[in-house]
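S.K.:
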Amino acid sequence: MKSKKINASFLLDALTLFGLILTLILLFLPFIINQHQQYQDELDIAEMNRILLISLNRFNYRELKEGVEITNFTVKYNNEKICAIEKRTKKSHCIQKQ
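Just so it is clear: in the sequence shown, position 45 is 45 by our numbering, and no numbers are missing.
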């Protein structure tokens, strides 16, 4: 009889632990997904800044006003700002002229 009580106790402990782990995962999973999305957005902005710097070093303003394509980005310049636009997602990042 004694061994049956111990087995039931292990089963109850296992179910309790499983419930606790499941609760923690469900609580922290949205937070982790949100942090990953913010990190991805920061990487996209860094990539656009890199493309803007490359285009400013390689092309003159006349070419930039017409629009320049670098990999999967389009770089355009007007009198106020220079913008990098990603073709696939249509995300853009602009730098104001000073």
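For each residue, glycine too, the CB sits at the ideal point set by N, CA and C.
Compute the Euclidean distance between the alpha carbons of A84 and D41, then round it to the nearest angstrom.
M.R.: Here residue 84 is taken as the residue at index 84 of the sequence shown, counted from 1. Here residue 41 is taken as the residue at index 41 of the sequence shown, counted from 1. Going from the Cα of A84 to the Cα of D41 covers about 14 angstroms.
S.K.: Which same chain residues end up closer than 8 angstroms to E80 when comparing Cβ atoms and leaving out the 5 residues on each side of it in sequence?
M.R.: Counted from its first residue, the sequence shown places residue 80 at position 80. Listed in chain order, the non-local C-beta contacts of E80 below 8 angstroms within the same chain comprise Q96, K97, local neighbours out to five positions each way being set aside.
S.K.: List the endpoints of the continuous beta strand (DSSP E) containing K81.
M.R.: Walking along the sequence shown from the start, residue 81 turns up at place 81. Residues 81 to 86.
S.K.: For I51, count neighbouring Cβ atoms within 10 angstroms of its own Cβ and tell me buried if that reaches 16, exposed if not.
M.R.: Your numbering for residue 51 matches position 51 in the sequence shown. Looking at its Cβ environment, which holds 16 or more other Cβ atoms inside 10 Å, I51 is buried.
S.K.: What residues in its chain sit with their C-beta under 7 angstroms from that of L15, if we drop five residues either side in the sequence?
M.R.: Along the sequence shown, read from residue 1 onward, the residue named residue 15 stands at position 15. Result list for L15: empty, nothing under 7 angstroms.
S.K.: Express the C-alpha separation of I21 and E86 in angstroms, rounding to a whole number.
M.R.: The residue you call residue 86 lines up with position 86 of the sequence shown. The residue you call residue 21 lines up with position 21 of the sequence shown. The alpha-carbon atoms of E86 and I21 are separated by roughly 40 angstroms.
S.K.: List the endpoints of the continuous alpha helix (DSSP H) containing K76.
M.R.: Counting from 1 along the sequence shown, the entry for residue 76 is found at position 76. Note, K76: premise wrong, no alpha helix (DSSP H); beta strand (DSSP E) at 73 to 77.
S.K.: Should F18 be labelled buried (16 or more other beta-carbon atoms within 10 Å of its own) or exposed?
M.R.: Your numbering for residue 18 matches position 18 in the sequence shown. Of the other Cβ atoms in all chains shown, fewer than 16 fall within 10 Å of the Cβ of F18; this residue is therefore exposed.
S.K.: Ignore the nearest five residues each way along the sequence and tell me which others in I82's own chain have a CB closer than 8 angstroms to its CB.
M.R.: As a working note, residue 82 is residue 82 in the sequence shown. Cβ within range, chain order: L52, S55, L56, L64, V75, K76, C94, I95, K97.
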